[in-house]
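*Asks:* Sharing a structure below in structure tokens format, with a few things to ask.
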Amino acid sequence: MSVETIGKASATMPANQKLVIADCDIHPSPKSVEKEIFPFLEKRWRDHYQTYGMLLRQPYQAGPAYPKGQPDAARRDAYGPNGEKPGSDLEFMRKHHLDRYNIELGVLNPLKSGQGLQNPDFAAAYCKAINDWQIAEWTSKEARLKGSVCLPYEDAILSAKEIERRAGDPNFIQAFMLIRTSEPLGNRRYWPIFNACVEANLPLAVHAFGFGGTPVTGGGWPSYYTEDMVGHSQSAQSLVTSMVMEGVFERWPELKLIIVEAGFAWAPALSWRLDRIWAQNREELLHVKRPPSEYMADHIWYTTQPFEEPDRRGHLKDIFEWIGWEKLLFATDYPHWDFDDPTRIPLPRATDEQKQSFFIDNARSLYGV
Amino acid sequence: MAKHIAAKVMDIPPGERLSVEVQGRKIVIFNVAGEYFGLRDACPHMGGLLSEGVVIGLVEADRPGCYSYSRGGEIVRCPWHGWEFDLRTGKSRFDPNRWKTHSYDIEVGDVQQLEVETVDVTTEGEFVIVNL
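Here the protein sequences line up with chains A and B, keeping their order.
The first sequence begins at 1 in the numbering used here and counts up one residue at a time.
The second sequence begins at 1001 in the numbering used here and counts up one residue at a time.
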């Protein structure tokens, strides 16, 4: 019998990972709304928060409409050393995530950020506070992290004002909203958002979830969280279809759209279907001058978490090529439970250049950083 | 099979688990009512530490709306994506035989191993022994 030293196993960066990583979906949270967000809210809205709370446009009064896969929707190992909420402690995030995976660029996508609140003025005030908080607590302290301009997107005028306020501020690299809007996003009521994004030279990221008040599937409210989870790709397809068919990309040729956390394997099939139906009904859509697939190819990027996991990763090779390696952005969704590990996702066989573009260069080029 | 001291029995009370490193291998040892089970401390999916997972029972449904609960304390759920593993065998709950199927797959290197490596754990006196 040989005697070995007893040591606790610890997570360390895999030795075989040499790549520099851009993580295009990190979720920071305040340790405490009162301590971290209130300093950026007027007294009137602090009182509102304490009296009325954050009422969302959804059929459930409080909390998520569906339960989550893990508590706080988080990896169970993502709580800080003193029990800090997942994603709430910068020092812990550095060690646990940024350093471990060699992440050079991390895009902060705050949730519970005031988006989707029923009161449009409160939504705008809270989003502004969250944006100030990103600078104060994150981007000013950690150069690898960049912020997102959270938008009170159901009010496009107030959203455009928030984009204008942040235009040119290097703390922010995209405008940010959620995918389940009250109406399909190509609708003209949202157009001021697109105009402001183009004026400010900010891509628009649209993240899974949201509180549009409509059912989370095209066929009504499902029973289970699993159905909620796969519903995001439905929502994304409706959103993309709407933006193409309403002529948004024709109207704003410089607009860049990022679909975050809603899958990507559906995109090629959608583009084929749209092209066929568009050609058959061109008279209805005179403002859509090019085949829908061309607008999608020119304007849309996709973050890949949660990664598609077919039995044979070879199947993904075609998907990557159909979409284009340059349009896919790696993301982890840290600290959430459905996290993707850059060393473990079933990436299709790729050249070093393709890997480099997927893991870092696409993001650098899209965001200009 | 070489034997290595991994921990003391008192370090792992019933219902508890301990993550250890033996010869560079991360191993998690579970004490289920006095029985010890060792698993490789990494989910074969994406590498989540199983030692951080909750230990649950086996909930099954023979048909919709008809549930049964058994084997309390014998299943660990990955702290990341929730994959469940049988502490006794290391096999995944959702597809315990997939490894066998994939052993015949001709795509070398593409197989996601679903069977966690199990390690024989015994006790000798006050010591918990891992048999590698």
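All C-beta atoms in this analysis are idealised placements derived from N, C-alpha and C, irrespective of residue type, glycine included.
Since the structure is predicted, the reported quantities are computational estimates derived from the model, not experimental observations.
#1: What in chain B is Cβ-close to glycine 339 of chain A, meaning under 7 Å?
#2: If the cut is a Cβ gap below 8 Å, which residues of chain A does methionine 1143 of chain B touch?
#3: Under the rule that 16 or more other beta-carbon atoms within 10 Å means buried, what is serine 88 of chain A, buried or exposed?
#4: So is leucine 1049 of chain B in contact with chain A if we call contact Cβ pairs under 8 Å?
#5: Helix, strand or coil for aspartate 1011 of chain B? Go by DSSP, reduced to three states.
#6: In its own chain, which residues sit with a C-beta less than 8 Å from the C-beta of serine 182 of chain A, not counting the 5 before and 5 after it?
#7: Listed from N- to C-terminal order along the chain, which residues in the segment 153-175 of chain A have their beta-carbon within a distance smaller than 7 Å of any beta-carbon of chain B?
#8: For the segment 47-81 of chain A, list every residue whose C-beta sits within 8 Å of some C-beta in chain B, in sequence order.
#9: So what does glycine 220 of chain A bridge to, in DSSP terms?
#10: Closest to leucine 1049 of chain B by CA distance: which of A:Glu308, A:Arg312, A:Asp77 and A:Ser140 is it?
#11: If you count every other CB in all the chains shown that lies within 10 Å of the CB of glycine 1038 of chain B, and 16 or more means buried, which is it?
#12: Taking its Cβ as the centre, do 16 or more other Cβ atoms sit within 10 Å of alanine 269 of chain A, making it buried, or is it exposed?
#13: Distance check for tyrosine 1069 of chain B and arginine 1063 of chain B, CA to CA, integer angstroms please.
#14: To which residues does DSSP link phenylalanine 146 of chain A through a beta bridge?
#15: Which same chain residues, not among the five before or five after glycine 168 of chain A, have their C-beta less than 8 Å away from its C-beta?
#16: Under 8 Å between C-beta atoms, does glycine 1125 of chain B make it to chain E?
#17: Quick check on the DSSP output: the beta strand (DSSP E) that includes methionine 1046 of chain B runs from which residue to which?
#18: Report yes if the C-beta distance between glutamate 36 of chain A and glutamate 142 of chain A is below 8 Å; otherwise report no.
#19: Between the Cα of tryptophan 1080 of chain B and those of A:Arg100, A:Pro71 and A:Trp252, spot the shortest distance and give me the residue it belongs to.
#20: Tell me which residue opens and which closes the beta strand (DSSP E) that aspartate 155 of chain A is part of.
#21: In chain A, which residues lie less than 7 Å from glutamate 1052 of chain B when you measure between Cβ atoms?
#22: Can you tell me whether DSSP reads glutamine 305 of chain A as helix, strand or coil?
*Replies:* On the basis of the supplied data:
#1: A small correction: the amino acid at residue 339 of chain A is phenylalanine; glycine does not occupy that position in the sequence shown. In chain order: Trp1080.
#2: Outside the modelled stretch of chain B, which goes from 1001 to 1132, sits residue 1143 of chain B, for which no answer is possible.
#3: Serine 88 of chain A counts as buried, since at least 16 other C-beta atoms from the protein chains shown sit within 10 angstroms of its C-beta.
#4: At a cut-off of 8 Å between beta-carbon atoms, leucine 1049 of chain B makes contact with chain A.
#5: Note: aspartate 1011 of chain B maps to helix in three-state DSSP.
#6: Arg57, Glu154, Gly212, Gly213 and Thr214
#7: none
#8: Residues passing the 8 Å Cβ filter: Gly69, Gln70, Arg75, Arg76 and Asp77.
#9: For glycine 220 of chain A, which the question treats as bridged, DSSP gives the partners A:Thr217.
#10: If we check each option's Cα against that of leucine 1049 of chain B, A:Asp77 comes out closest.
#11: buried
#12: exposed
#13: 14 Å
#14: The displayed chain sequence assigns lysine, not phenylalanine, to residue 146 of chain A. In the DSSP output, where bridge partners are listed per residue, lysine 146 of chain A has A:Val107.
#15: Ala200
#16: Looking for chain E here will not work: the only protein chains present are A and B.
#17: Counting along the chain, methionine 1046 of chain B falls outside any beta strand (DSSP E), and DSSP gives it neither H nor E.
#18: no
#19: A:Pro71
#20: Unbroken run through aspartate 155 of chain A: none, as it is neither H nor E.
#21: Arg76 and Asp77
#22: Coil, per DSSP.
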